[in-house]
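A.B. asks: Right, I'll just put the structure down here and ask away after.
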Amino acid sequence: MHPRFAPVELAFAGPATPIPADVEPLRVRFVHADGDTITVPGFWDGDDRYLVRFAPEQEGAWSWESESHAPELDARTGGFDVGPAAPGEHGPVRVAGTYHFAHADGTPFRPVGATAYNWLHQEEPLFTETVDAVAGAGMNKLRFMVFPQAGGYVEHFPELLPFERDADGGWDVTRPVPAFFRRLDEAVRTLGAAGIQAEVLIYNAYDYGRFGLDGLTEEQDAAYLRYLVARLSAFPNVWWSLCNEFDQLDRPDERWDAAGLRLAEIDPHDHPRSIHNLVRLFDHNRPWVTHASLQLGQATEDFGRASLFRDAYRKPVVLDEIKYEGDVPDRWGHLSAEQLVHQFWITTVSGCYASHGESFVIPSGSLHIVEGGPFTGESPARLGFLRGILDEVDGVGLDPVDNWWDDAFVAGVQGSVYVQYLGREAPGEWVFRLPIGWRGVQLEAGDRFEVDVIDTWHMTVAPVGRVFEIDEVAKNDAWARAAAPVALPAGEAIALRIRRVA
Numbered sequence: 001m002h003p004r005f006a007p008v009e010l011a012f013a014g015p016a017t018p019i020p021a022d023v024e025p026l027r028v029r030f031v032h033a034d035g036d037t038i039t040v041p042g043f044w045d046g047d048d049r050y051l052v053r054f055a056p057e058q059e060g061a062w063s064w065e066s067e068s069h070a071p072e073l074d075a076r077t078g079g080f081d082v083g084p085a086a087p088g089e090h091g092p093v094r095v096a097g098t099y100h101f102a103h104a105d106g107t108p109f110r111p112v113g114a115t116a117y118n119w120l121h122q123e124e125p126l127f128t129e130t131v132d133a134v135a136g137a138g139m140n141k142l143r144f145m146v147f148p149q150a151g152g153y154v155e156h157f158p159e160l161l162p163f164e165r166d167a168d169g170g171w172d173v174t175r176p177v178p179a180f181f182r183r184l185d186e187a188v189r190t191l192g193a194a195g196i197q198a199e200v201l202i203y204n205a206y207d208y209g210r211f212g213l214d215g216l217t218e219e220q221d222a223a224y225l226r227y228l229v230a231r232l233s234a235f236p237n238v239w240w241s242l243c244n245e246f247d248q249l250d251r252p253d254e255r256w257d258a259a260g261l262r263l264a265e266i267d268p269h270d271h272p273r274s275i276h277n278l279v280r281l282f283d284h285n286r287p288w289v290t291h292a293s294l295q296l297g298q299a300t301e302d303f304g305r306a307s308l309f310r311d312a313y314r315k316p317v318v319l320d321e322i323k324y325e326g327d328v329p330d331r332w333g334h335l336s337a338e339q340l341v342h343q344f345w346i347t348t349v350s351g352c353y354a355s356h357g358e359s360f361v362i363p364s365g366s367l368h369i370v371e372g373g374p375f376t377g378e379s380p381a382r383l384g385f386l387r388g389i390l391d392e393v394d395g396v397g398l399d400p401v402d403n404w405w406d407d408a409f410v411a412g413v414q415g416s417v418y419v420q421y422l423g424r425e426a427p428g429e430w431v432f433r434l435p436i437g438w439r440g441v442q443l444e445a446g447d448r449f450e451v452d453v454i455d456t457w458h459m460t461v462a463p464v465g466r467v468f469e470i471d472e473v474a475k476n477d478a479w480a481r482a483a484a485p486v487a488l489p490a491g492e493a494i495a496l497r498i499r500r501v502a
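Take 1 as the starting number for the sequence shown in UniProt numbering and just add one per residue.
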């Protein structure tokens, strides 16, 4: 019995002369007992070995049949039975509730991610230490590039590269190097086993002419994309990002848009899809974009900014670079831990998500955001603590309750749970008040709530220990006037969690 969501791998012996990667060698049509059908592309994996990977999302009986222009790969048939998912496996992540994410089985997913661009190309023990650090901090997503990185702070250049060379010394993308892509397979598996989503950055804006992988033609890009998707799509923990800082490459938006549309068309498992900017925002309203991936640190420095992108795109917003905790002189790389954690909490009550990065110079002369490895800074544990708070939310995610007029910037699941972040210097007390909002579950006199005081830096949750009953409801606000104010540790970084009492 095969577990639900786990990749099924079918292996075929095909032509001894490899079918070029710009040609689809085979595809397999999978049919569920109830008639649902999904067609999955295959790929060459060295010698005469061809593979097809498929992640079934329905329990029950499945049958399959192959199609290929190669007689050795054509008209092969078989079947298998699918049972319950393995413990802890919830399937691929997709958009839920317009602005949030959930797994295929409905389990909410709240991304609190990390970044290590060149991680795939590091040797042991650094490779494994990175996974251990991300998982140990309680983070659940890692952004990394397929192609190797060059440029500043890059001290390690790999020997294993993705394609064979052609007669002129250029890249022959029709001849992928199986050992390279098997390493990529294992990287995604390793992250999945640790409960981490693998955000795969497909194209490379950080080549700077060292490898020449940023100079592929549009046709070469398409061949590589088809091969990459065929290899990785069945892994349930995959996310796609076309490029980090796409606007560093001299390519028209039409080319990026065509690549995004192609990605959406050829991915049979419909993973999250995005593209990330340096200074010029992409049009995230494009239909192939599932969520907006932004670099805009200043949007998280003050309340009320990040949430505006939700209104512009009506999609989940992930601020994948809000500057980094570190000690380098570059303006993007020397946030204090306190400031980075502060910006994450602002992002949270904006109804958005963010990614962590660490830019301390490590012994190799590189940075954690380049190579990975153990964390140095103080923010990771506190971001894992934030993720724990988010995972306790009974609902798909937190939304701003009154995005335009609420000067306290309270987010929540209306009528159920609310979170108010008071900033890095809380006042000495808080008077119970909630925004009404103009849609959703409305508050009424007699509604009762309990309050927790969350110290976002010291990572504590302290129940106030008494019930607050709403006794005044105005047009925009609800108050518990009879209740004494909540005493707070003035000057600390404090959030409040307000939950309805049944």
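Glycine is no exception: its CB is placed at the ideal position from the N, C-alpha and C atoms.
Small disclaimer: the values here were computed from a predicted structure and weren't measured.
What do you reckon, are the CB atoms on residue 314 and residue 341 nearer than 8 Å?
C.D. replies: On the sequence shown, position 314 is the one that residue 314 refers to. On the sequence shown, position 341 is the one that residue 341 refers to. The answer is no: Cβ separation not under 8 Å.
A.B. asks: Could you check what DSSP says for residue 376 in three-state terms: helix, strand or coil?
C.D. replies: Stepping through the sequence shown from its first residue, residue 376 is reached at position 376. Note: residue 376 maps to coil in three-state DSSP.
A.B. asks: Could you check the C-alpha separation between residue 157 and residue 108 for me, to the nearest Å?
C.D. replies: Within the sequence shown, numbered from 1, the residue matching residue 157 stands at position 157. Within the sequence shown, numbered from 1, the residue matching residue 108 stands at position 108. Each residue's alpha carbon lies about 38 Å from the other.
A.B. asks: Tell me the rounded alpha-carbon separation between residue 14 and residue 48.
C.D. replies: Start at 1 with the first residue of the sequence shown, and residue 14 comes out as number 14. Start at 1 with the first residue of the sequence shown, and residue 48 comes out as number 48. Each residue's Cα considered, the two are about 5 Å apart.
A.B. asks: Just tell me which of 317, 222, 293 and 269 has its CA closest to the CA of residue 172.
C.D. replies: Residue numbering aside, residue 172 sits at position 172 when the sequence shown is read from its first letter. Checking every option, the nearest Cα to that of residue 172 belongs to 222.
A.B. asks: Could you pull out every residue in the same chain whose Cβ sits closer than 6 Å to the Cβ of residue 277, ignoring the five residues on either side in sequence?
C.D. replies: Residue numbering aside, residue 277 sits at position 277 when the sequence shown is read from its first letter. Excluding residues within five positions, the ones whose Cβ falls inside 6 Å are 247 and 295.
A.B. asks: Under 7 Å: does the beta carbon of residue 266 sit that close to some heavy atom of the ligand SAM?
C.D. replies: Ligands displayed in this structure: none; no statement on the ligand SAM is therefore possible.
A.B. asks: Around the Cβ of residue 174, are there at least 16 other Cβ atoms within 10 angstroms (buried) or fewer (exposed)?
C.D. replies: Stepping through the sequence shown from its first residue, residue 174 is reached at position 174. It is buried - the Cβ of residue 174 has at least 16 other Cβ atoms within 10 Å.
A.B. asks: Relative to the alpha-carbon of residue 98, which residue among 256, 396, 169 and 111 has its alpha-carbon at the smallest distance?
C.D. replies: The residue labelled residue 98 in the question sits at position 98 within the sequence shown. Closest option to residue 98, Cα to Cα, is 396.
A.B. asks: One question on the structure: do residue 160 and residue 202 come within less than 8 Å of each other, judged by their Cβ atoms?
C.D. replies: Sequence index remark: in the sequence shown, residue 160 carries index 160 (1-based). Sequence index remark: in the sequence shown, residue 202 carries index 202 (1-based). Their beta carbons are not under 8 Å apart, which means residue 160 does not touch residue 202 by this criterion.
A.B. asks: To the nearest angstrom, how far is it from the Cα of residue 7 to the Cα of residue 465?
C.D. replies: Taking the sequence shown and counting its residues from 1, one reaches residue 7 at position 7. Taking the sequence shown and counting its residues from 1, one reaches residue 465 at position 465. Each residue's Cα considered, the two are about 48 Å apart.
A.B. asks: For residue 199 versus residue 273, is the C-beta distance shorter than 8 Å?
C.D. replies: Within the sequence shown, the letter at position 199 stands for residue 199. Within the sequence shown, the letter at position 273 stands for residue 273. For residue 199 and residue 273, no; Cβs fall outside 8 Å.
A.B. asks: Inspect the beta-carbon positions of residue 306 and residue 299 and report whether they are closer than 8 Å.
C.D. replies: The residue labelled residue 306 in the question sits at position 306 within the sequence shown. The residue labelled residue 299 in the question sits at position 299 within the sequence shown. Yes. Within cutoff.
A.B. asks: Between residue 386 and residue 351, is the Cβ-Cβ spacing less than 8 Å?
C.D. replies: Walking along the sequence shown from the start, residue 386 turns up at place 386. Walking along the sequence shown from the start, residue 351 turns up at place 351. No, they are not a contact pair.
A.B. asks: Please report the Cβ distance between residue 479 and residue 433, rounded to the nearest whole angstrom; I am assuming they are in contact, meaning their Cβ atoms lie under 8 Å.
C.D. replies: As a first step, residue 479 is located in the sequence shown; it is residue number 479 there, counting from the start. As a first step, residue 433 is located in the sequence shown; it is residue number 433 there, counting from the start. At roughly 5 Å, the Cβ-Cβ gap stays under 8 Å, so residue 479 and residue 433 are in contact.
A.B. asks: Measure the Cβ-Cβ separation of residue 417 and residue 393 and say whether it is below 8 Å.
C.D. replies: Residue numbering aside, residue 417 sits at position 417 when the sequence shown is read from its first letter. Residue numbering aside, residue 393 sits at position 393 when the sequence shown is read from its first letter. Contact: yes.
A.B. asks: Just verifying my parser: in three-state terms, what is the DSSP assignment at residue 420?
C.D. replies: For the purposes of this step, residue 420 is identified with residue 420 of the sequence shown, where counting begins at 1. Note: residue 420 maps to strand in three-state DSSP.
A.B. asks: Pairing CB atoms from the segment 103-120 with CB atoms from the segment 136-152, are three or more of them under 8 Å?
C.D. replies: Yes, they touch.
A.B. asks: Using only the alpha-carbon positions, how far apart do residue 380 and residue 12 sit?
C.D. replies: Within the sequence shown, numbered from 1, the residue matching residue 380 stands at position 380. Within the sequence shown, numbered from 1, the residue matching residue 12 stands at position 12. Rounded to the nearest angstrom, the two C-alpha atoms are 44 Å apart.
A.B. asks: Just to confirm, are residue 191 and residue 131 a CB contact at a threshold of 8 Å?
C.D. replies: In the sequence shown, residue 191 corresponds to position 191, counting from 1. In the sequence shown, residue 131 corresponds to position 131, counting from 1. Yes, the pair counts as a contact, with Cβ atoms nearer than the cut-off.
A.B. asks: Name the DSSP beta bridge partners of residue 338, please?
C.D. replies: Position 338 of the sequence shown holds residue 338. Beta-bridge pairing links residue 338 to no other residue.
A.B. asks: Using CA coordinates, which residue listed in 152, 445, 459 and 214 is at the minimum distance from residue 249?
C.D. replies: Within the sequence shown, the letter at position 249 stands for residue 249. When each option's Cα is compared against that of residue 249, the closest is 214.
A.B. asks: Could you name the residues of the same chain whose beta carbon sits closer than 7 Å to that of residue 264, not counting the 5 residues immediately before and after it, in chain order?
C.D. replies: In the sequence shown, residue 264 corresponds to position 264, counting from 1. The residues are 273 and 288.
A.B. asks: Among all the DSSP beta bridges, which residues are the ones paired with residue 105?
C.D. replies: What you label residue 105 is simply residue 105 of the sequence shown in a count that begins at 1. For residue 105, which the question treats as bridged, DSSP gives no partner whatsoever.
A.B. asks: With distances taken from CA atoms, which of 492, 343, 25 and 194 is nearest residue 87?
C.D. replies: Position 87 of the sequence shown, counted from the start, is the residue given in the question as residue 87. Closest by alpha carbon: 194.
A.B. asks: Give the C-beta separation of residue 435 and residue 477 to the nearest angstrom, bearing in mind that I take them to be a contact with Cβ-Cβ under 8 Å.
C.D. replies: Translated into positions along the sequence shown, residue 435 becomes position 435. Translated into positions along the sequence shown, residue 477 becomes position 477. Residue 435 to residue 477, Cβ: 6 Å. Contact.
A.B. asks: Under 8 Å, with one C-beta from each stretch per pair, do the segment 77-93 and the segment 323-332 reach the 3-pair mark?
C.D. replies: No, the segment 77-93 is not in contact with the segment 323-332.
A.B. asks: Roughly how many whole angstroms lie between the Cα atoms of residue 240 and residue 269?
C.D. replies: Within the sequence shown, the letter at position 240 stands for residue 240. Within the sequence shown, the letter at position 269 stands for residue 269. Whole-angstrom Cα-Cα distance: 12 Å.
A.B. asks: Measure the alpha-carbon distance for residue 229 versus residue 55 and round it to whole angstroms.
C.D. replies: Taking the sequence shown and counting its residues from 1, one reaches residue 229 at position 229. Taking the sequence shown and counting its residues from 1, one reaches residue 55 at position 55. Each residue's alpha carbon lies about 13 Å from the other.
A.B. asks: Between the Cα of residue 41 and those of 30, 34 and 35, spot the shortest distance and give me the residue it belongs to.
C.D. replies: Residue numbering aside, residue 41 sits at position 41 when the sequence shown is read from its first letter. It is 30.
A.B. asks: With a cut-off of 8 Å on the beta carbons, I'd call residue 66 and residue 26 a contact; round off their distance for me.
C.D. replies: If you number the sequence shown from 1, residue 66 lands on position 66. If you number the sequence shown from 1, residue 26 lands on position 26. Indeed they touch by this definition, with Cβ atoms about 5 Å apart.
A.B. asks: Return the residue from the list 362, 361 and 346 that minimises the CA-CA distance to residue 355.
C.D. replies: As a first step, residue 355 must be located in the sequence shown, where it is residue number 355. Per the Cα distances, 346.
A.B. asks: Taking just the CA atoms, how far does residue 358 sit from residue 326?
C.D. replies: On the sequence shown, residue 326 is found 326 positions in, with the first residue counted as 1. On the sequence shown, residue 358 is found 358 positions in, with the first residue counted as 1. C-alpha separation (whole angstroms): 6 Å.
A.B. asks: Name the DSSP beta bridge partners of residue 50, please?
C.D. replies: For the purposes of this step, residue 50 is taken as residue 50 along the sequence shown, with counting starting at 1. Answer is 12 and 44, bridged to residue 50.
A.B. asks: Have a look at residue 506 and residue 105 and give me their C-alpha separation to the nearest angstrom.
C.D. replies: Any answer about residue 506 is impossible in this case: the structure gives the chain only from 1 up to 502.
A.B. asks: Identify, in the order they occur along the chain, each residue of the same chain with its Cβ nearer than 6 Å to the Cβ of residue 321, setting aside the five sequence neighbours on each side.
C.D. replies: Residue mapping note: residue 321 aligns to position 321 of the sequence shown, counting from 1. For residue 321, where only same-chain residues beyond five positions count, the Cβ hits under 6 Å are 295.
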